[in-house]
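Asker:
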Amino acid sequence: MHWTKRMAACGLALIVGVGALAAHGQNTSEGSAQTSSAASKSNLENWWKNAVLYEIYPRSFQDTNGDGIGDLNGITEHLDYLEKLGVDAIWLSPCYPSPQVDFGYDISDYEAIDPQYGTMADFDRLVAEAKKHQIRILMDMVMNHSSDKHKWFLESRSSKDNPYRDWYMWHDGKGQTATDKGEVPNNWQSDFGHSAWEWDEKTRQYYYHKFYIQQPDFNWNNPKVHEAFKDILRFWMKKGVAGFRFDAITTLFEDPEMRDDEALKDKDGKSYLNSYGDVAINDTMTNNLPGVHPVMQEMRAVADSFKPDVFPGTRVFIGETYLPNIAELAKQYGPPGKPEFQLPMDTQIGFINKLDVQTFREKLNDAETKLEGNIPLLVFDNHDNARLDVRYGDGAHNTEIERMIATMLFASRGASLFYYGDEIGMKTTPPTRKEDVKDPVGLTGWPKDKGRDGERTPMQWNATTNAGFSKNTPWLPVPSTYSTVNVSAQEKDHDSMLDWYRKLIALKKTNVALAAGDNVMLDEANTKVLSWMRKGADGSQVVVACNFTAEPQTVNLTGGGAGLKGSHAKTLLKSPGGSDAVSLEAVQLQPFGVYIGDVR
Ligand code: GLC
Ligand code: CA
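No gaps in the numbering here: position 108 of the sequence shown is 752 in my numbering, and each next residue is one more.
What follows is the structure, given as structure tokens:
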């Protein structure tokens, strides 16, 4: 299916500057020491506003005990690398005990670490060592469902009068009798294929699962579920985690009247089958229901009760928010005085999945103008979608295109989230035989949908056996590209993707306009080149131009009423081999080339 199916300012730059000085030990006089402590306090509160966030799929990052599966110690081992890259926080995909039916998204204990990934002591060490690198840890929080092996579900399914019965969603079948289970309660489907209802013979009722059969949904109408999750959040925040990425958060509630979802229609007005062979339906009755808002407000109040004056500072909520439009995204920040997420993911932009200038211009502008001054969180890639090569590449210029995507990600206002391996241009490598498939989505969807293994292959560290990921056979095969596409090779190459990421991130952190300046679109009628300006609070201006075509382009950025303060620019970054912009009236770009310059 690929995941897109489910989609149906602030003076910070100054603080970044002062913080950077303090870190280099240059603030010795009393006056500047005060400035520095004020700055670091403000930094503790605001760290997320211009943050660089990095998603790690722990299973695939680094194996240290030789079982072919990545582990927490493997992450700790690479903190120097992440610091040098400029990462502020790691979003750790689930590492809780789990039967691993959905590779950790089926949790059987929310307050422990799966032995596959290490111990709680390893986790504590990761948090402590990361802190030394000024890197924060964000946990994945799966509140929609647990594993069917979680003790709460085992209790729940054990009898109809068990105190946990009402923690999950149980229902009689349609036309059920003492001897006949009847039909499923309604037509709701699992995102992983087929009916979302599973018959349970022991207590003779169906339970609801939005995802895999082994992932029963919680009943969020039960206040005990709320309390249980508040305790879980407190547990991890006391351990020093900086916040959470809330998984599948828009699916907490379902239509209380249990109405059927509607069939989708093709262009001839006929219903059709999806990749699982089911009649394709929308998910209006099971996704983005309003009940989620008060729940998130309640959770956020818990996080806000943790004082931001010591590291990790403000606890941040990130949302997995695939939503139909910008207005729905805007709601995720919460109404005035009742905050929900600081950083709901803006999937409107990153999952356009087509290099169309006008669409990008419109969506990037929406993020600037329609989120009521909130901070956008841009993201182009994650563990659920084919990597950038498949969704944006043209085969011939993938590297140039990936540089351009990274430019949109880091040179736009807001926080930026990327996925391990993007910084070296890792490619999607799906399984070629059904017997190799690990992801349940691929098992159900084969061959139309090969699942998500292709974007979860081991991190490519170097050109040694198994790309330096593991001494033993990795749980997913290492792509054959590893001998050239790897961290070690790219560290030595000043035109590498890794170098490009480092330079972009460094600019985002140190350049006043790029750190927090407004985004203003330039040259808005252009259908080939996307250009914008960042306007710093100190009056500085930076222009960015991305050529969306396979031909060279020359653009004039001085037209329109955007208010450029000069007609020339000093190059800050350009695609390898690109020209410096002598004049902003004629900025030259190579095929899929990028130019970033400081306006003079
Ligand atoms: C989210 C996760 C995905 C998982 C699903 C069910 O979409 O990102 O990997 O399979 O939720 O938890
Ligand atoms: Ca649900």
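C-beta atoms are modelled at their ideal positions from N, C-alpha and C, and glycine is treated no differently. Keep in mind it's a predicted model, so treat the numbers as computed, not measured.
Report whether the distance from the Cβ of TYR1257 to the nearest heavy atom of ligand 2 is below 8 Å.
Answerer: Any property of residue 1257 remains undetermined from this structure, which presents the chain solely from 645 to 1244.
Asker: Looking at the structure shown, is ASP930 part of a helix, part of a strand, or coil, going by DSSP?
Answerer: Counting from 1 along the sequence shown, the entry for residue 930 is found at position 286. At residue 930 the sequence reads Thr, which differs from the Asp that was named. If DSSP states are grouped into helix, strand and coil, THR930 belongs with coil.
Asker: Can you tell me whether MET813 is buried or exposed, with buried defined as 16 or more other CB within 10 angstroms of its CB?
Answerer: Taking the sequence shown and counting its residues from 1, the one referred to as residue 813 is at position 169. Buried, because 16 or more other Cβ atoms sit within 10 Å of the Cβ of MET813.
Asker: Can you give the Cα-Cα distance for PHE1054 and GLY826, rounded to whole angstroms?
Answerer: Walking along the sequence shown from the start, residue 1054 turns up at place 410. Walking along the sequence shown from the start, residue 826 turns up at place 182. Their Cα atoms are separated by approximately 54 Å.
Asker: On the CB-based measure, 16 or more other CB atoms within 10 Å of its CB, does LYS693 come out buried or exposed?
Answerer: Sequence index remark: in the sequence shown, residue 693 carries index 49 (1-based). Buried: at least 16 other Cβ atoms inside 10 Å.
Asker: I'd like the span of the alpha helix (DSSP H) that includes TRP1144, first residue to last.
Answerer: For the purposes of this step, residue 1144 is taken as residue 500 along the sequence shown, with counting starting at 1. Residues 1141 to 1154.
Asker: Inspect the beta-carbon positions of VAL618 and LYS1152 and report whether they are closer than 9 Å.
Answerer: Beyond the ends of the chain as shown, which are 645 and 1244, falls residue 618; an answer cannot be given.
Asker: Between THR1193 and PHE1236, what straight-line distance do the alpha-carbon atoms span, to the nearest angstrom?
Answerer: For the purposes of this step, residue 1193 is taken as the residue at position 549 of the sequence shown. For the purposes of this step, residue 1236 is taken as the residue at position 592 of the sequence shown. One C-alpha to the other measures close to 6 Å.
Asker: Just the Cα atoms here: how many angstroms apart are SER680 and TYR1036?
Answerer: By 1-based counting over the sequence shown, the position of residue 680 is 36. By 1-based counting over the sequence shown, the position of residue 1036 is 392. Taking the straight line from one Cα to the other gives about 43 Å.
Asker: If we count the other Cβ atoms within 10 Å of its Cβ and call it buried at 16 or more, is ASP1182 buried or exposed?
Answerer: The residue you call residue 1182 lines up with position 538 of the sequence shown. The residue in question, ASP1182, is exposed, as its Cβ has fewer than 16 Cβ neighbours within 10 Å.
Asker: Whole alpha helix (DSSP H) runs in the region 1062 to 1149 with 4 or more residues, listed along the chain?
Answerer: Whole alpha helix (DSSP H) segments, 4+ residues: 1084 to 1089 and 1131 to 1135.
Asker: Buried or exposed for ASP1080, please, with buried defined as at least 16 other CB atoms from any protein chain shown within 10 angstroms of its CB.
Answerer: Counted from its first residue, the sequence shown places residue 1080 at position 436. Looking at its Cβ environment, which holds fewer than 16 other Cβ atoms inside 10 Å, ASP1080 is exposed.
Asker: Given this structure, state the Cα-to-Cα distance separating PRO741 from GLU799, to the nearest angstrom.
Answerer: Mapped onto the sequence shown, residue 741 falls at position 97. Mapped onto the sequence shown, residue 799 falls at position 155. Each residue's Cα considered, the two are about 18 Å apart.
Asker: So, with DSSP's three-state summary, where would you put ILE713?
Answerer: For this step, residue 713 is matched to residue 69 along the sequence shown. In this structure, ILE713 counts as coil in the three-state DSSP scheme.
Asker: For PHE873 and MET787, what's the separation of their Cα atoms in angstroms?
Answerer: Counting from one through the sequence shown, the residue named residue 873 turns up at place 229. Counting from one through the sequence shown, the residue named residue 787 turns up at place 143. Computed Cα separation, rounded: 7 Å.
Asker: Look up TYR725 in the DSSP assignment and say whether it is helix, strand or coil.
Answerer: The count along the sequence shown starts at 1 and reaches residue 725 at position 81. Note: TYR725 maps to helix in three-state DSSP.
Asker: Between which two residues does the alpha helix (DSSP H) containing THR1043 stretch?
Answerer: As a working mapping, residue 1043 is identified with position 399 in the sequence shown. Its alpha helix (DSSP H) spans residues 1042 to 1054.
Asker: What separation, rounded to the nearest whole angstrom, lies between the Cα atoms of ALA840 and LEU967?
Answerer: Taking the first residue of the sequence shown as 1, we reach residue 840 at position 196. Taking the first residue of the sequence shown as 1, we reach residue 967 at position 323. The straight-line gap from Cα to Cα measures roughly 21 Å.
Asker: With distances taken between CB atoms, is the gap from THR930 to GLU898 smaller than 9 Å?
Answerer: Working through the sequence shown from its first residue, we reach residue 930 at position 286. Working through the sequence shown from its first residue, we reach residue 898 at position 254. Closer than 9 Å, so yes.
Asker: ASP990: buried (16+ other C-beta within 10 angstroms of its C-beta) or exposed?
Answerer: If you number the sequence shown from 1, residue 990 lands on position 346. With 16 or more other Cβ atoms within 10 Å, it is buried.
Asker: Going by DSSP, what residue range makes up the beta strand (DSSP E) through VAL1001?
Answerer: Sequence index remark: in the sequence shown, residue 1001 carries index 357 (1-based). Not the beta strand (DSSP E): VAL1001 falls in the alpha helix (DSSP H), residues 1001 to 1013.
Asker: So is MET902 buried or exposed if we call it buried at 16+ other beta carbons inside 10 Å?
Answerer: Here residue 902 is taken as the residue at index 258 of the sequence shown, counted from 1. By the neighbour-count rule (16 or more Cβ atoms within 10 Å), MET902 is not buried but exposed.
Asker: If you measure between the beta carbons of VAL1122 and ALA1111, is that distance less than 9 Å?
Answerer: Position 478 of the sequence shown, counted from the first residue, corresponds to residue 1122. Position 467 of the sequence shown, counted from the first residue, corresponds to residue 1111. Result yes, Cβ atoms of VAL1122 and ALA1111 sit closer than 9 Å.
Asker: Drop a sphere of 10 angstroms on the beta-carbon of THR1072, count the other beta-carbons inside from all chains shown, and report buried for 16 or more, exposed for fewer.
Answerer: Against the sequence shown, residue 1072 aligns to sequence position 428. Buried: at least 16 other Cβ atoms inside 10 Å.
Asker: For ARG1057, does the three-state DSSP call read helix, strand or coil?
Answerer: Taking the first residue of the sequence shown as position 1, residue 1057 is located at position 413. Three-state result, ARG1057: coil.
Asker: Is it the case that the Cβ atoms of VAL1131 and TYR808 are separated by a distance below 9 Å?
Answerer: For the purposes of this step, residue 1131 is identified with residue 487 of the sequence shown, where counting begins at 1. For the purposes of this step, residue 808 is identified with residue 164 of the sequence shown, where counting begins at 1. For VAL1131 and TYR808, no; Cβs fall outside 9 Å.
Asker: Identify the residues that DSSP records as bridge partners of MET940: which are they?
Answerer: The residue you call residue 940 lines up with position 296 of the sequence shown. The partner list for MET940 (beta bridge, DSSP) is empty, contrary to what the question assumes.
Asker: Would you say the beta carbon of ASN1009 comes nearer than 8 Å to a heavy atom of ligand 2?
Answerer: Counting from one through the sequence shown, the residue named residue 1009 turns up at place 365. False, no ligand heavy atom lies under 8 Å from that Cβ.
Asker: Which class does VAL662 belong to by DSSP, given the choice of helix, strand or coil?
Answerer: As a working note, residue 662 is residue 18 in the sequence shown. Because the pLDDT of VAL662 is 34, which lies under 50, any placement of that residue in the model is unreliable, and the number read from its coordinates should be weighed accordingly. Three-state result, VAL662: helix.
Asker: Looking at the secondary structure, which residues open and close the alpha helix (DSSP H) in which VAL1034 lies?
Answerer: As a position in the sequence shown, residue 1034 is number 390, starting the count at 1. Segment 1032 to 1036, the alpha helix (DSSP H) holding VAL1034.
Asker: Skipping 5 residues on each side, what residues in its chain have a beta carbon closer than 7 Å to that of VAL1164?
Answerer: Translated into the one-based positions of the sequence shown, residue 1164 becomes position 520. The answer, listed in chain order, is TRP1176, MET1177, LYS1179 and ALA1206.
Asker: Under the three-state reduction of DSSP, which class applies to VAL771: helix, strand or coil?
Answerer: The sequence position of residue 771 within the sequence shown is 127, counting from 1. Here VAL771 sits in helix by DSSP.
Asker: Does ASN969 pass the burial test, meaning 16 or more other C-beta atoms within 10 Å, or should it be called exposed?
Answerer: Locating residue 969 in the sequence shown gives position 325, counting from the first residue. ASN969 is exposed by the Cβ-count criterion.
Asker: Within 10 Å of its beta-carbon, does SER1114 have 16 or more other beta-carbons around it, so buried, or fewer, so exposed?
Answerer: Taking the first residue of the sequence shown as position 1, residue 1114 is located at position 470. Result: buried.
Asker: Within the present structure, is the beta-carbon of THR928 separated from the nearest heavy atom of ligand 4 by less than 8 Å?
Answerer: Ligand 4 is absent from the structure shown, which contains only ligand 1 and ligand 2.
Asker: Could you please give me the residues that DSSP links to MET586 through a beta bridge?
Answerer: This structure cannot speak to residue 586, because the chain is shown only from 645 to 1244.
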